[in-house]
Structures are given as structure tokens and as C-alpha cells.
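Down below is the structure, laid out as C-alpha cells.
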Amino acid sequence: MAVDKDFFRGPTLELCRRLLGAELVHGETAGLIVEVEAYIGPGDRAAHSYGGRRTRRTEVMFGPPGHAYVYISHGIHYCFNVVSGEEGNPEAILVRALQPTRGIEIMRKRRRRRDDRELTNGPGKLCQALGITIAHYGWDLTQPPFFIRPGRRPRDEDIACGPRIGIDSAGEARDYPWRFWIKDNPYVSR
DNA sequence: TGTCCGATTGGT
DNA sequence: CCAATCGGACAG
């Protein structure tokens, strides 16, 4: 059913590719992961854990991989990340978009949009659609009701990568090609 | 397409 | 103080 703990081990950029096509499940709602971004620890100016910042917010990233890092964005939205990398290295992967697979009626109620693509094509949108909040901070993603299920991994030629979104004041890090998405998938953000 | 604003948290 | 891993509304 859910992935094993080992699924989350290994380099963060490799886990990014492994997450594409996997299913993120919360309760009765779920979707295939179609877009992610890596935020890699102390050396990444765009990461909340840049320079080794260790606060109540970033604490979970210092723990073992496979847990949820949820934070509040601009005061009103939630963003969901998967903690990655070795324990002690504060790394995480932001899930930016999903393709709904289950509970789409629930998502429509929560989101109230005309176009179903607007349900989960952004990091704050997908949290609202799946009911993910700050209360899920630190949760273990190998256990129901909140977990990741392995799926069909896309072929490498069906995966695209490029610079991350919304971080234009991060110096060199701005151009790192650490955003990954499934080519031509209609649920990818932007 | 562009711009503006909400309303919270952490860092300087 | 102010920028931030964003989304929605509305002008044009």
C-alpha cells in the first residue's frame, strides 16, 4: 500500500524523480504527483534551512526523511514538502502540483472552481484540495491516513526540469534546475 | 496579462 | 521592519 521508509532514502534530486507519478493520499482524497522542487540544505539560498537555520519551523527537516514539512505561505496558504536527504541534512521537496485521482467531489467542494485543473495545480491549492494544514507538520508519510503510494514512474524522457518558481532573490540558487515536472501534464502549475 | 492584496512567520 | 517555496479578484 504505502511506500516503505527506504523509498525516501538517497539523494534528494533522485527522490524528486521517484516522486513523480507516485500518489499522495490524504483520507478520501488523492492525486498523482506531477511537479516538485528540491530545496537542498545549508548551501541553498532559497531553502528555509539555508545556512543551517534551525528553528521550530525548520526543525523537521533535520530529522529522518519521509516526514511532512508543512509551512504557512504569505499568511494564508499552506505548502507541503517531503523531508528528504540523510538525517541531520535539512533537505526537502516541495510538492507543487497533483493530478487528482480520488475524492474529486470533495476537492471541488473545498476549492469551488469551474475548471478541475484549478483544484491542485499549485502548492497552496493542493493543500486546500486535500485538506492538508499545519496540523500535519511532522507526520510520517508511510502510514495512513496521510501517505505516499508508489506509482508508475515516468520515463526519463517524459520528465522535464528547470529553475524553481518564485525565488528570484536567491542569488546563484535562483537558476538551479531543481524543479521537475511531467511533460505536457495539464495539472502542472503556471 | 498585470497588479494588487490578504494576514502570518521568521530573520535582520 | 519586511520579505516570503502563493492564490484570488479584478482591470484592461
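Using this note's numbering, the letters of the first sequence map in sequence onto residues 136 to 325. Idealized CB from N, CA, C, for every residue including glycine. Predicted model, so just to flag it, every value in this text is computed and none were measured.
Counterpart residues of residue i in DSSP-defined beta bridges
| i | result |
| --- | --- |
| residue 282 | 160, 277 |
| residue 202 | 275 |
| residue 315 | 171, 296 |
| residue 166 | 159, 235 |
Residue burial classification, residue i (beta-carbon count within 10 angstroms, cutoff 16)
| i | result |
| --- | --- |
| residue 317 | buried |
| residue 270 | exposed |
| residue 314 | buried |
| residue 179 | buried |
| residue 244 | exposed |
| residue 258 | buried |
| residue 222 | exposed |
| residue 140 | exposed |
Cβ-Cβ separation, residue j to residue i (assumed contact under 8 Å), whole Å
| i | j | result |
| --- | --- | --- |
| residue 153 | residue 325 | About 23 Å separates the two Cβ atoms, so there is no contact after all. |
| residue 218 | residue 204 | 5 Å |
| residue 277 | residue 157 | 12 Å between Cβ atoms; not a contact. |
| residue 312 | residue 298 | 6 Å |
Tell me, please, whether the segment 246-254 touches the segment 195-211 by the rule of three or more beta-carbon pairs shorter than 8 Å.
no
Under 8 Å, with one C-beta from each stretch per pair, do the segment 154-172 and the segment 303-311 reach the 3-pair mark?
no
Please list the segments of the beta strand (DSSP E) lying wholly inside the segment 207-240, counting only runs of 3 or more residues, in order along the chain.
212-219, 226-237
Can we say the segment 217-231 touches the segment 175-191, given the rule of at least three CB pairs closer than 8 Å?
yes
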